[in-house]
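Residue numbers (our numbering): 62 to 778.
Take a look at the structure below.
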């Protein structure tokens, strides 16, 4: 970690001499003009009309069918919308922006980008709002594909003075050929004065785009500053990578969002892992600033401090959500803090001015990789407090039904044969030793799984008392690597599929939960359509414009079974990647249940002043379980909580497609309602004309559940 320069520290300390809490007297606590409630990303509302005494009286106030569903295709809505002056702004399943009356759900306008769902648009998790000073129109910043739009909040039309007739292309300004980059943005950045600080989502395989953090002028769209997350010559951290890594390596991007300290002018940015996810032989070193929490000067982009959460990541353990800004009480003093939840189920807490850890962090030793060319880092940082909110090691004693058949490999393809291994047999055939065990060609348990521990919905923190509320997952995954090629007879197309497709579609292209199989893709799509999708992406799949025409042809021919027409041997692959993913799947039994003993999903309250837990409960229930020993199973969940002055926490997120309300002090469930589709988003709350509303987007589409397009609002009768 690099400490703050002395001259800047003095200035910062002077700016925070007032002992008021950082979260005091903020009128936006009763509205919802910022992603996740406020620039500090607390998920907190100062509203208390709905409280623990009357929350059971909540009823459906209105619903809005946002549209965008497409027959035969799985879609999602993960948007946490905004509310400004009684108007709610959200995004539908086709990544179209809309404005509706926040009191009744009636549509005001809708903006449909020209580039429809043909460029890896994926999902949109939220928006940025910039309030006008009176000379320029107030605007919503909205991303669709590689385009970042500035939309007039009143008319729903692009503001033509911004960028190129109302939008900018996020593929530009990266120092590489824009036509060869795959760049989108699923999560809003942060606004400071007239600057929009924006992160991106890039590919996770070889040839991925770099993850520069860029700041744009909100009026013109011009780049104000750039921070290279893969440092270039002369920049701090350059020596933590191979010499030319900045020219070829991708990733280290900020995809989960960021938090903004308006008083200090500091933006806190979590960064992702470097590409490719599971093998780092081409990027020996700790790889700054991948997998880091960055504190940057919001005006200039200069680094104030950083902490790397994972060194040389080969486990895809990037931080999944924006950090939370809060204040912690220690020995009678108030300390400005920043807390970052992780996929591994840990919470890192730092002094937000100086970057000093507020709980001890140890560098724990781990074994070296067995894969040729891979040099894992010898240690990894683990906070000693708070205790992880997700279990860390899957042992034989943790298996829920060890004698059931294992739902991996053969069984995931539907071949439930009698000679398939049991859960226990499969468990004994692979490695399960906890966090940061290097991947191998036999199989390693990742627990919590590849999606986390914490998820992109993130945590809430109460600015009044420093208590964090975070939902977690307890799902084990099996990751297994294999050498690319598989022998002298392997074709270029097969090898390219191993490198670029198995990461998401499974080791045998059999498909994973919510991701289609490719073994029979030729029955669904024509070769030309397959080529277009490979190059441009579709839905949640990013495009791969970095592949050459020969490589796209070879991959298409392999997927359609037409290989042999051209000489596409493995030697012609331009990117030297010796390993690919052979198995990448949740570890379940043949009933479809996780192999770990329940709970499978939890909701946790952690006092960040002390690092101690206030309460911990299962979140959601698998109603088909019928196990008298498991009254509440907990469920895999996606989306975060919102908390209120009224003492009520609201969260949807679970596979059972319900929204629930909990007592913040005790964890007691007080209310629930069945949604029309899964609410895999973070709810919001706001007040208009004296009435408080709770809104959740019901987009479904994850964990095998049906897609939806409805936004629902609840209020007291």
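Cβ atoms here follow ideal geometry from the backbone N, Cα and C, with glycine treated the same way.
Nothing here was measured: the structure is a model prediction, and the numbers come from that model.
Helix, strand or coil, according to DSSP, for residue 769 in the structure here?
Under the three-state reduction of DSSP output, residue 769 falls in the strand class.
Quick one: complete alpha helix (DSSP H) runs, 4+ long, within the region 294-354?
The region 294-354 contains these whole alpha helix (DSSP H) runs: 306-309.
Would you kindly report the start and end of the unbroken beta strand (DSSP E) that includes residue 562?
From DSSP, residue 562 is part of no beta strand (DSSP E); its letter is neither H nor E.
Look at the alpha carbon of residue 438 and the alpha carbon of residue 427, and state the distance between them as a whole number of angstroms.
8 Å
What residues are listed by DSSP as bridge partners for residue 214?
As computed with DSSP, residue 214 is found in no beta bridge at all.
Which of the three DSSP states is assigned to residue 774 in this structure?
Three-state result, residue 774: strand.
Since residue 768 and residue 137 should fall inside the 8 Å C-beta cutoff, what is the C-beta to C-beta distance between them, to a whole number of angstroms?
7 Å
Over what stretch of residues does the beta strand (DSSP E) that includes residue 784 continue unbroken?
The first residue shown for the chain is 62 and the last is 778, placing residue 784 beyond what the model contains.
Kindly provide the ranges of any beta strand (DSSP E) runs that are 3 or more residues long and lie completely inside the region 357-429, ordered along the chain.
Entirely contained in the region 357-429, the beta strand (DSSP E) runs reaching 3 residues are, in chain order, 364-369, 385-391, 394-402, 408-412 and 422-426.
Neighbour-count burial assignment, residue 300, 16 or more Cβ in a 10 Å radius
With fewer than 16 other Cβ atoms within 10 Å, it is exposed.
Coil, strand or helix - residue 615 by DSSP
helix
If you drop the 5 nearest sequence neighbours on each side, which residues of the same chain put their C-beta closer than 6 Å to that of residue 633?
With a pLDDT of 49 at residue 633, under the threshold of 50, the modelled position of this residue cannot be trusted; read the value that follows with caution. In chain order, 553 place their CB closer than 6 Å to the CB of residue 633, counting only its own chain and leaving out the 5 sequence neighbours on each side.
Based on DSSP bridge pairs, tell me the residues matched to residue 602.
599
Measuring straight from C-alpha to C-alpha, what distance separates residue 119 and residue 734?
9 Å
Using the DSSP secondary-structure output, state which residues sit across from residue 725 in a beta bridge.
BP columns for residue 725 are empty, so no partner.
Less than 9 Å between the beta carbons of residue 249 and residue 183, yes or no?
no
Would residue 216 be called buried (16 or more neighbouring beta carbons within 10 Å of its own) or exposed?
Answer is exposed; the Cβ neighbour count stays below 16.
Taking 9 Å as the cut-off, decide whether the C-beta atoms of residue 540 and residue 642 are in contact.
yes
Alpha carbon of residue 309 to alpha carbon of residue 266, nearest angstrom
12 Å
Using a 10 Å radius around the Cβ and a threshold of 16 neighbouring Cβ atoms, would you call residue 760 buried or exposed?
buried
Please confirm whether residue 608 and residue 595 have their CB atoms less than 9 Å apart.
yes
Quick one: does the C-beta of residue 184 sit closer than 8 Å to a heavy atom of the ligand SAM?
The ligand SAM is not among the ligands present in this structure, which contains no ligands whatsoever.
Runs of 3 residues minimum, wholly inside the region 216-260: which ones carry the beta strand (DSSP E) assignment?
228-230, 251-253 and 256-259
Range covered by the beta strand (DSSP E) that runs through residue 485
Note, residue 485: premise wrong, no beta strand (DSSP E); alpha helix (DSSP H) at 484-489.
Could you tell me the alpha carbon to alpha carbon distance between residue 565 and residue 130, rounded to whole angstroms?
Annotation: residue 565 to residue 130 spans about 23 Å, alpha carbon to alpha carbon.
Helix, strand or coil for residue 554, going by three-state DSSP, please let me know.
helix
Rounded separation between residue 558 and residue 612 - CA only:
Rounded to the nearest angstrom, the two C-alpha atoms are 10 Å apart.
Excluding the five sequence neighbours on either side, which residues of its own chain have a C-beta within less than 6 Å of the C-beta of residue 505, listed in chain order?
For residue 505, same chain residues with a beta-carbon under 6 Å away, outside a window of 5 residues either side, are 492, 498 and 540 in chain order.
Please report how far the alpha carbon of residue 797 lies from the alpha carbon of residue 244, in whole angstroms.
Because the chain is modelled from 62 through 778, residue 797 falls outside the range shown and cannot be assessed.
Here's the rule: buried if 16 or more other CB atoms are within 10 angstroms of the residue's CB, otherwise exposed. What is residue 175?
exposed
Per DSSP, residue 780 forms a beta bridge with which residues?
Only positions 62 to 778 of the chain appear in the structure, and residue 780 is not among them; the question remains open.
With H, G and I counted as helix, E and B as strand and the rest as coil, what does DSSP make of residue 763?
coil
Tell me whether residue 647 sits in a helix, a strand or coil according to DSSP, three-state version.
strand
Under the rule that 16 or more other beta-carbon atoms within 10 Å means buried, what is residue 201, buried or exposed?
Label assigned to residue 201: buried.
Quick one: using the 10 Å Cβ neighbour count with 16 as the cut-off for buried, is residue 629 buried or exposed?
Unreliable placement is indicated for residue 629, whose pLDDT of 45 sits below 50; the coordinate value is still reported in the next sentence. Answer is buried; the Cβ neighbour count reaches 16.
From 597, 651, 579 and 762, pick the residue whose C-alpha is nearest to that of residue 618; which is it?
When only C-alpha atoms are compared, the closest one is 579.
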